[in-house]
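Visitor: Could you have a look at this structure, given as structure tokens, before my questions?
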Amino acid sequence: MSIKIIKPGICSTIQDLGRTGFRSLGIGPGGAMDFFAAAVANYLVGNIEKQPVIEIHFPAAEILFQSNTLISISGGDFDAHINETSIEINQPCFIQAGDVLSFKKNISGVRIYLAINGGMEAENWLGSASTNIKVKAGGFKGRLLQKEDTIKIHSVTVEKDNRKIAVSSNAIHSVYNNQNTILCIAGPDWHLINASSENIFLTSAFTITNQSDRMGYRMAGESLSVKKTTELISSPVVFGIIQLLPNGQLIILMADHQTTGGYPRIATVIAADLPKLAQLPVNAKINFKLVSPGEAEERLISLHKTLTEIQAGCQNFYDKY
Amino acid sequence: MLSYGNLIDSSINEKIIALHKALAAKPFPGFIESVPAYASLAVFYDAIFIRYNQPNIKTAFEVVKKYIIELVAEISETAANKAAKIISIPVYYNGADLEYVATINQLTIEEVIKIHTSVNYRVFMTGFLPGFAYMGTVDEKIITPRKETPRLHVAAGSVGIAGAQTGIYPIDSPGGWQIIGKTALSIFDKNKPDPCLLKAGDEVQFFSINKNEFEKENEH
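Laid out in structure tokens, this is it:
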């Protein structure tokens, strides 16, 4: 049982929820940029959230299924089609051997996650199937998917089933709502920026530039500055940290970030807003708003509750088999 | 994030690494991992797990903070630091920037090599690349700033200097350090369960080898 890549798309990789435990060696977590969508896609086909999925950007991959299976797509909306018929996202979709999955247009979001019932075969490196391109490890041979790649899938026999899973689209949308506001907590170096820069950070809009990828989003906006220029020694950084570059512009570190950095870390995007940020396209304008660490936790717990509800709905569906 | 300021100092770094090791030996429920740097330590934890396990707490952050403050106090009482692991690294000093490092410091190439191999270096932290060890401190006689324009390609095993730091590129990568030599020793091997040779807290001793010795080692 396998799938075959007909067209690779611009940046298709196997990811899971990331590699933890090795940051102290300089090995970053990687993993799905929109970890919420990756988990939802897995639940929708009856998998646990950690199963490897394929992260796809637009222009997207085209994939041939060489056996019957059940798939789902979550995250953005790229107008998914099976052969020439459009399919619903955030629902399981029955696939027959010979079917081709393609994506016609980028309706919303930046990346989608393809989950396959039973999961897919992927290289496990240090406990994760996430692709680490820098060291060529994990996922599919540690690299982007290419034309003709064949990936084994582990689907159990599935029968066609036209029932739908009761997934509340409101619940899913709640994660991506208020597109223009990104919540963050003050970073370890917040105190280094001057008062007018604090004001700029909190009141003006910043645009995601085209120099944005899985490593980081470079932002364009009014220039910020520090109270006094000091060379900082390297310190740990995380997914979501916002650093002030020497040219006064901001960079938000994303899933494939380095583990340490030497630029002022002025704020950190709260974990619950990372899925939303991961789906914001180039040219999107965002405003940052500071919240307390306590509120950041509340929002993470609320995101987790949403996920648990979706998981319960899916489990209920698959228990009937 | 725990920070002791903006200073490269062995005794501060020792405290950070002692805490990093203490957390690994005595993790709190919900602890994921910690990352030591020169003078700070990032502690990663599962806030959801902590909150569900202790429904009466206000924030997981406060609980973790309290645990770490107590652990810091415990460590300073039992300070006795174990001797660092010493790793010897053979270097063939023929790097593309060796002459530059010698020239701007008004030294001969031989003197640069002698100075670079004269002391043991402390691995303060790893970062930038998997297994890239930031080591120091370099004798002030050979301190050299980073290249103004980083190279697009620096080969794995290249030994470099950046300011008062020295390091070895574990994999091929772009980079701006002044390259003074190369080692045939594997610094990073993704196929090993423990892929990185150098870890924060280790001590490194460089020694100079000639071209023949380097090529012989490189065959293995």
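Chains as they are written, first to last, in numbering that gives the first Met the number 0: chain A, 0 to 320; chain B, 0 to 219.
Every residue gets a Cβ at the ideal spot worked out from N, C-alpha and C, and that includes glycine.
If you're wondering where the values come from, they're calculated on a predicted model, not measured in any experiment.
Taking a cut of 9 Å between CB atoms, which residues from the segment 216 to 239 of chain A lie near chain B?
Guide: The segment 216 to 239 of chain A vs chain B, Cβ under 9 Å: 229, 230, 231, 232, 233, 234, 235, 236, 237.
Visitor: Please report how far the alpha carbon of residue 164 (chain B) lies from the alpha carbon of residue 45 (chain A), in whole angstroms.
Guide: Working through the second sequence from its first residue, we reach residue 164 (chain B) at position 165. Working through the first sequence from its first residue, we reach residue 45 (chain A) at position 46. Taking the straight line from one Cα to the other gives about 51 Å.
Visitor: Among A:212, A:170, A:241, A:231, which residue has its Cα nearest to the Cα of residue 182 (chain A)?
Guide: The count along the first sequence starts at 1 and reaches residue 182 (chain A) at position 183. Looking at the Cα atoms, A:241 is the closest of the given residues.
Visitor: List the residues that DSSP assigns as beta-bridge partners of residue 143 (chain B).
Guide: Taking the second sequence and counting its residues from 1, one reaches residue 143 (chain B) at position 144. In the DSSP output, where bridge partners are listed per residue, residue 143 (chain B) has B:162.
Visitor: Hey, is residue 152 (chain B)'s beta-carbon within less than 8 Å of any beta-carbon in chain A?
Guide: Here the question's residue 152 (chain B) lines up with position 153 in the second sequence. Not an interface residue.
Visitor: Could you tell me which residues DSSP puts in a beta bridge with residue 259 (chain A)?
Guide: Along the first sequence, one-based indexing puts residue 259 (chain A) at 260. DSSP output for residue 259 (chain A) lists A:235 as bridge partner(s).
Visitor: Using a Cβ cut-off of 8 Å (strictly closer), state whether residue 73 (chain B) contacts chain A.
Guide: Along the second sequence, one-based indexing puts residue 73 (chain B) at 74. No, because no Cβ of chain A sits closer than 8 Å to the Cβ of residue 73 (chain B).
Visitor: For the segment 18 to 29 of chain A, which residues have a beta carbon sitting closer than 7 Å to at least one beta carbon of chain B?
Guide: Within the segment 18 to 29 of chain A, the residues whose Cβ lies closer than 7 Å to some Cβ of chain B are 19, 20, 22, 23, 24, 25, 26, listed in chain order.
Visitor: How about residue 289 (chain A): is its C-beta nearer than 8 Å to some C-beta of chain B?
Guide: On the first sequence, position 290 is the one that residue 289 (chain A) refers to. Judged by the 8 Å Cβ criterion, residue 289 (chain A) is not in contact with chain B.
Visitor: Smallest Cα separation from residue 115 (chain A): which of A:104, A:246, A:93, A:135?
Guide: Taking the first sequence and counting its residues from 1, the one referred to as residue 115 (chain A) is at position 116. It is A:93.
Visitor: Between residue 15 (chain A) and residue 31 (chain A), how many whole angstroms is the CB-CB distance? I'm expecting something under 8 Å.
Guide: If you number the first sequence from 1, residue 15 (chain A) lands on position 16. If you number the first sequence from 1, residue 31 (chain A) lands on position 32. Right, the Cβ-Cβ distance comes to about 7 Å (below 8 Å), so this counts as a contact.
Visitor: Where does the unbroken alpha helix (DSSP H) through residue 100 (chain B) begin, and where does it stop?
Guide: Here residue 100 (chain B) corresponds to residue number 101 of the second sequence, with the count starting at 1. Looking at the DSSP string, the run of the alpha helix (DSSP H) that includes residue 100 (chain B) is 97 to 103.
Visitor: How long is the line joining the alpha carbons of residue 64 (chain A) and residue 149 (chain A), rounded to whole angstroms?
Guide: Within the first sequence, residue 64 (chain A) is the residue found at index 65, counting from 1. Within the first sequence, residue 149 (chain A) is the residue found at index 150, counting from 1. Distance between the alpha carbons of residue 64 (chain A) and residue 149 (chain A) is about 10 Å.
Visitor: Using a Cβ-Cβ cutoff of less than 8 Å, which residues in the same chain neighbour residue 0 (chain A) once the five nearest sequence positions on both sides are dropped?
Guide: Here residue 0 (chain A) refers to the residue found at position 1 when the first sequence is read from its first residue. Here the set comprises 65, 66, 68, 151, 152, 153, 154.
Visitor: What residues in the segment 112 to 137 of chain B have a beta carbon less than 9 Å from any beta carbon of chain A?
Guide: Of all residues in the segment 112 to 137 of chain B, 123, 124, 125, 126, 127, 128, 129, 130, 131, 132, 133 have a Cβ within less than 9 Å of some Cβ in chain A.
Visitor: Interface residues of chain B around residue 296 (chain A) at Cβ under 8 Å?
Guide: Mapped onto the first sequence, residue 296 (chain A) falls at position 297. Those within 8 Å of residue 296 (chain A) in chain B are 46, 50, 58, 59, 60.
Visitor: Just to confirm, are residue 204 (chain A) and residue 286 (chain A) a CB contact at a threshold of 8 Å?
Guide: Here residue 204 (chain A) refers to the residue found at position 205 of the first sequence. Here residue 286 (chain A) refers to the residue found at position 287 of the first sequence. In contact: residue 204 (chain A) and residue 286 (chain A) (Cβ atoms closer than 8 Å).
Visitor: Let me know if residue 275 (chain A) comes out buried or exposed under the rule of 16 or more other beta-carbons within 10 Å of its beta-carbon.
Guide: Along the first sequence, one-based indexing puts residue 275 (chain A) at 276. Flag for residue 275 (chain A) reads buried.
Visitor: Go through its chain and collect everything with a Cβ distance to residue 49 (chain A)'s Cβ below 8 Å, but skip five positions before and after it.
Guide: Within the first sequence, residue 49 (chain A) is the residue found at index 50, counting from 1. 15, 16, 41.
Visitor: In the DSSP output, what is residue 90 (chain A) paired with across the bridge?
Guide: In the first sequence, residue 90 (chain A) corresponds to position 91, counting from 1. The partner list for residue 90 (chain A) (beta bridge, DSSP) is empty, contrary to what the question assumes.
Visitor: Of all the options A:158, A:86, A:209, A:177, which has the alpha carbon lying nearest to the alpha carbon of residue 288 (chain A)?
Guide: Along the first sequence, read from residue 1 onward, the residue named residue 288 (chain A) stands at position 289. Cα-wise, what sits closest to residue 288 (chain A) is A:177.
Visitor: Give the straight-line distance between the Cα atoms of residue 255 (chain A) and residue 37 (chain A), rounded to the nearest whole angstrom.
Guide: As a working note, residue 255 (chain A) is residue 256 in the first sequence. As a working note, residue 37 (chain A) is residue 38 in the first sequence. In a straight line, the C-alpha of residue 255 (chain A) is about 16 Å away from that of residue 37 (chain A).
Visitor: At least one CB of chain B closer than 8 Å to the CB of residue 170 (chain A): is that the case?
Guide: Residue mapping note: residue 170 (chain A) aligns to position 171 of the first sequence, counting from 1. No, no contact with chain B.
Visitor: Who are residue 271 (chain A)'s beta bridge partners in DSSP?
Guide: Within the first sequence, the letter at position 272 stands for residue 271 (chain A). Paired residues: none, contrary to the question.
Visitor: Mind checking whether residue 265 (chain A) and residue 231 (chain A) have CB atoms under 8 Å apart?
Guide: Within the first sequence, the letter at position 266 stands for residue 265 (chain A). Within the first sequence, the letter at position 232 stands for residue 231 (chain A). In this structure, residue 231 (chain A) does not lie closer than 8 Å to residue 265 (chain A) by Cβ.
Visitor: Examine chain A for any beta-carbon lying closer than 8 Å to the beta-carbon of residue 5 (chain B), and answer yes or no.
Guide: Your numbering for residue 5 (chain B) matches position 6 in the second sequence. Closer than 8 Å: yes.
Visitor: Please decide whether residue 293 (chain A) counts as near chain B, where near means a Cβ-Cβ distance under 8 Å.
Guide: Looking up residue 293 (chain A) in the first sequence gives position 294. Closer than 8 Å: yes.
Visitor: Provide the residue span of the beta strand (DSSP E) that contains residue 109 (chain A), from first to last.
Guide: For the purposes of this step, residue 109 (chain A) is taken as residue 110 along the first sequence, with counting starting at 1. From DSSP, the beta strand (DSSP E) with residue 109 (chain A) extends over 107 to 115.
Visitor: Counting only Cβ pairs nearer than 8 Å, list the residues of chain B close to residue 257 (chain A).
Guide: Translated into positions along the first sequence, residue 257 (chain A) becomes position 258. Within chain B, the residues near residue 257 (chain A) are 126, 127, 128.
Visitor: May I ask which residues mark the beginning and end of the alpha helix (DSSP H) holding residue 179 (chain A)?
Guide: The residue given as residue 179 (chain A) occupies position 180 in the first sequence. Run containing residue 179 (chain A): none; DSSP gives neither H nor E here.
Visitor: For chain A, check one thing: does any of its Cβ atoms lie closer than 8 Å to the Cβ of residue 35 (chain B)?
Guide: The count along the second sequence starts at 1 and reaches residue 35 (chain B) at position 36. It does; some Cβ of chain A falls within 8 Å.
Visitor: Between residue 8 (chain A) and residue 278 (chain A), how many whole angstroms is the CB-CB distance? I'm expecting something under 8 Å.
Guide: Residue numbering aside, residue 8 (chain A) sits at position 9 when the first sequence is read from its first letter. Residue numbering aside, residue 278 (chain A) sits at position 279 when the first sequence is read from its first letter. 17 Å between Cβ atoms; not a contact.
Visitor: Assuming residue 13 (chain B) is part of the alpha helix (DSSP H), what are its boundary residues?
Guide: In the second sequence, residue 13 (chain B) corresponds to position 14, counting from 1. Where residue 13 (chain B) is concerned, the enclosing alpha helix (DSSP H) stretches over 9 to 24.
Visitor: Measuring only between beta-carbons, confirm whether residue 136 (chain A) sits less than 8 Å from chain B.
Guide: If you number the first sequence from 1, residue 136 (chain A) lands on position 137. Output row for residue 136 (chain A): interface = yes.
Visitor: Just to confirm my understanding: we take residue 216 (chain B), look at its own chain, exclude 5 residues before and 5 after, and list those with CB closer than 6 Å. What are they?
Guide: For the purposes of this step, residue 216 (chain B) is identified with residue 217 of the second sequence, where counting begins at 1. Taken in chain order, the residues that qualify are 183.
Visitor: Based on the DSSP secondary-structure assignment, which residues constitute the bridge partners of residue 70 (chain A)?
Guide: Counting from 1 along the first sequence, the entry for residue 70 (chain A) is found at position 71. Answer is A:92, A:115, bridged to residue 70 (chain A).
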